[in-house]
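All remarks here apply to the structure that follows.
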C-alpha cells in the first residue's frame, strides 16, 4: 500500500472505535448519493476520507519548504515522475509503467479528471487477476462509464453532460478490498491526471464494482442523469413554504425568516435583491443564517456571492444552486437545526435595498452524534499583487473540529492587460487540502482550473451539475471571473481539522488583484475557524483600471492593436454608430454599431509592414443584444470567418479568432458584414492583427 493509504487507515481508525452496521456501499447507492443533498448533512456512516492521487510535482513534499511551489505537474519530463511509483523504467521507445494508486482498503473512486493524457490505463479491483478496465487513459479519466457501459449495451450518451462534466467524470467505482491503477505511457509527453478516492474505515461493507452493475442500475442511471442534466427543474424539494420581504436601509439589518420549533431543516432557500444598483447590492447585502443560538452565524456571505455566480446575476443551473436571469437565486443545500434558525440580512452599502426570501422548511430528525449545521464562510483580499515569482497560498478554510467540506467558489477581479489566456491567466496554482493529521496534503491539485474541472485556462462560460464558470469578462481571463465546484459525491469529511488553500500563481505580474472565495461545509457543534466578520471595506465597490490598453505579450505576442473607432475607413457617415463607455473596454470605450439591414457592412483599415501570415481578428462585445457577422478581407469573393456574437444574459469581450491570412505589405481593409436580425447590435472594442508563422 502507498504511504497515503497507510495514513488514511490510521485517521479513519481514530474516527470510530467500532464500525456501526450500515447498508453496504454499492455502485447504485453511490449513484443515488449524487443527487441526494440530505446525505451531506450528516457525518458519513461508514466513515471515509477522500484522498486524491494526481500528477502534482513531487518536489512539493514539505509545507513551506524549498520545493513547496514547484510546478512541473503533468507537462512531461518532470524531475521526479509524478506517480506513486515507477513500476517499469522506460524502454528505448520512452514507454514505461507507472503506479497511479494502490489503495488496500475498502473504498470507491468518485471523481477523475485530465487536461490531456496519452497511453493506457489498467485498473484492478480486489484480488482479480484481470483488470476491470484496460484501455485509453483519456477514456478512463474522462468517460469510464461510456467504455464500461458499452460492454453491457448501454448508450454512452446518457453519461455526457451528466456523469461526465467538462474535463471531469463522476462515475463511482466501489471496491471491497483494493484498487490498483497503472498507467503505461511516455512520461516525456503531457500526462495530467487526478483520481479522487473515498477510503472507508476498516470493516466497512462495500460491494465491488462490475460492469454488470451498470446494466442492473439502468433506472437509477436514467433518474440520476435526468437530475444532473437539469437540476433546477428535476430536483424535488419537500417542506412547508415560508416567505418574507424586507426593505433594509443603509447600515441596517432585518430578520427575514425565524423558526424556533426545531428540529427541522431548510430544504430550499430562494432570494432576490432589488436596488438602484443591483450588482453592488448583491455584494454589499450580507446574508447571515444562524442555527441553534450560535453567537455568530454559520452562514455569513454577500448574497450574490453565496449563490456562486457573482458579481451580478449570471445564470447557471447546478445541483445545489440555480441562478435565473430574472435575479431569483436558489439554494438546495439542506440546512438542519435542532431547535432554531434565523435568516437575517445586513446592508453594508450606501443605498436602500429590498430583499425577498422564500423557502421550504421540512421535517428533520436531529441526530446528536452525526447531524451537522450548514456553513458558508466568505473572505476576500483586495489589492493583491499576483506574481509568478512569488506564488502564495490563499486560505479558503482553516477549521478545527468535525465536519464535511462540500463546495468552493472563487470570485475574482483580474486586472491583467494581456488579452489572452497565455499571459493573462491567474490560476497556475494548485489546491492543497490538509485533513486531520495530514503531514502533506491528502488532496494536492495540478492547477486552479483543474480543481474547477476545466483545463488550459479557457475563458468559456460553462455550467454543469457540480461545476461552472458563470462569469469571465474577457478578453482572455481578464476582468471579473467566477468559478465554482460542488463536492457532492466527492465531499471531504474531516474528524479533527480541515485546512484548504489554493495557490495564487498567475502567468504575469498583476497588481490590484481581488480574490474573494467561499468555503461551503457542514460542521458538528464545536467547530471553530479562522474567518473574520465581513466589513464595509471587504465589500467596497470594485472596478477595472481606467483606460487599460492590451499588451502584446504571452499568447498576444507579435500583435498590433487598434481602437475600433480609430480604424474606421471608407464612408461610415450613414452608419448608426456610438461609443459605449466602461472600464471593461480598452481605452474605456468601444464602438457599437446598429446595422439598419442584413448585409450592411462596416469597414476598418489597417496596414502591415512586412508580407507574411497574419490573423486579422476583432475583440468583440458579446451580449444578449449582439448579432451575427461575417468577415471579408480586401474585397475577396468569399468571407474568411463568420460568428454569432450573441451571449444571453452576459456582457463580455471575446476575441473573434480566425485562421491566418497571407497578406502583402501595405494597406488592407477588413469588411464586417452584418448577418443577424435587424435590431441587434455589433460591438467592436479593437482590431487585433497578429503575425503568425503560418
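In the working numbering, the protein residues as written are 9 to 702.
Virtual Cβ for every residue (Gly too), placed ideally from N, Cα, C.
Model, not experiment: these values are computed from the prediction.
Query raised in the report: With 16 as the cutoff for other CB atoms within 10 Å, does residue 97 come out buried or exposed?
Result: exposed
Query - Nearest-angstrom Cα separation, counted from residue 185 out to residue 485 - result: Residue 485 and residue 185: Cα-Cα distance of roughly 44 Å.
Query raised in the report: For residue 269, which of 311, 279 and 347 has the nearest alpha-carbon?
Result: 347
**Report entry** Beta-ladder partner(s) of residue 623, from DSSP
**Finding:** Answer is 698, bridged to residue 623.
Query raised in the report: Using 8 Å as the threshold, is the stretch 396-407 in touch with the stretch 528-536, meaning 3 or more CB pairs across them?
Result: A contact exists between the stretch 396-407 and the stretch 528-536.
Query raised in the report: Would you call the stretch 489-503 and the stretch 54-66 in contact, with 3 or more CB pairs under 8 Å?
Result: yes
Requested in this report: Using alpha carbons as the reference points, say which of 108, 385 and 629 lies closest to residue 145.
Outcome: 108
Query raised in the report: How would you call residue 371, buried or exposed, if buried means at least 16 neighbouring beta carbons within 10 angstroms?
Result: When all chains shown are included, residue 371 counts as exposed.
Query raised in the report: So is residue 91 buried or exposed if we call it buried at 16+ other beta carbons inside 10 Å?
Result: buried
Query raised in the report: In three-state terms, what does DSSP make of residue 105?
Result: strand
Query raised in the report: When you compare only the Cα positions, how much space is there between residue 682 and residue 320?
Result: 30 Å
Requested in this report: My understanding is that residue 210 touches residue 113, with C-beta atoms under 8 Å, so please give their C-beta distance in whole angstroms.
Outcome: 7 Å
Report task. Please state if the CB of residue 518 and the CB of residue 424 are separated by a distance shorter than 7 Å. Result -> yes
Report task. Compute the Euclidean distance between the alpha carbons of residue 483 and residue 162, then round it to the nearest angstrom. Result -> 41 Å
Report task. Under 7 Å Cβ to Cβ from residue 17, same chain only, skipping five residues before and after it: list those, please. Result -> Note that residue 17 scores a pLDDT of 49, beneath 50, so its modelled location is shaky; the value from the coordinates is reported in the next line. Cβ neighbours of residue 17 beyond the five flanking positions: 113 and 210.
Query raised in the report: Who pairs with residue 282 in a beta bridge, going by DSSP?
Result: In DSSP, residue 282 forms a bridge with 362.
Report task. For residue 39, name the three-state secondary structure that DSSP assigns. Result -> helix
Query raised in the report: Alpha carbon to alpha carbon, what distance is there between residue 571 and residue 663?
Result: About 14 Å.
**Report entry** DSSP three-state assignment for residue 638, whether helix, strand or coil
**Finding:** strand
Query raised in the report: If we count the other Cβ atoms within 10 Å of its Cβ and call it buried at 16 or more, is residue 618 buried or exposed?
Result: exposed
Query - Rounded straight-line distance, which links the Cα of residue 256 to that of residue 284 - result: 13 Å
Query raised in the report: Among 78, 143, 612 and 171, which one has its Cα closest to the Cα of residue 437?
Result: 78
Requested in this report: Out of 34, 175, 691 and 63, point me to the one whose CA is closest to residue 93's CA.
Outcome: Looking at the Cα atoms, 63 is the closest of the given residues.
**Report entry** Beta-carbon proximity check, residue 32 vs residue 227, cutoff 7 Å
**Finding:** no
Report task. Using three-state DSSP, classify residue 370 as helix, strand or coil. Result -> strand
Query - Boundaries of the beta strand (DSSP E) in which residue 567 is found, first to last residue - result: 567-571
Query raised in the report: Fully enclosed by the stretch 49-82, which beta strand (DSSP E) runs are 3 residues long or longer?
Result: Fully enclosed beta strand (DSSP E) runs of 3 or longer: 56-62.
Report task. Would you list the residues sitting across from residue 331 in a DSSP beta bridge? Result -> 324 and 337
Query - First through last residue of the alpha helix (DSSP H) which encompasses residue 153 - result: 152-158
Query raised in the report: Considering only residues of the same chain and omitting the five flanking positions on each side of residue 590, which have a CB-CB separation below 7 Å?
Result: 596
Query - Unbroken stretches of the beta strand (DSSP E), 3 residues or longer, contained in the stretch 469-543 - result: If we require 3 residues or more, the beta strand (DSSP E) runs fully inside the stretch 469-543 come out as 475-480, 487-494, 500-502, 505-512 and 518-531.
Report task. Using alpha carbons as the reference points, say which of 429, 635 and 399 lies closest to residue 687. Result -> 635
Query raised in the report: Is the beta carbon of residue 637 less than 7 Å from the beta carbon of residue 680?
Result: yes
Requested in this report: Go through its chain and collect everything with a Cβ distance to residue 23's Cβ below 7 Å, but skip five positions before and after it.
Outcome: Confidence in residue 23 is poor, its pLDDT being 49 and thus under 50, which makes the residue's placement too unreliable to answer from.
Report task. Going by DSSP, name the residue or residues bridged to residue 296. Result -> 308 and 352
Query raised in the report: Can you list, in chain order, the residues of its chain whose CB lies under 6 Å from that of residue 196, leaving out five sequence neighbours each side?
Result: 84, 85 and 102
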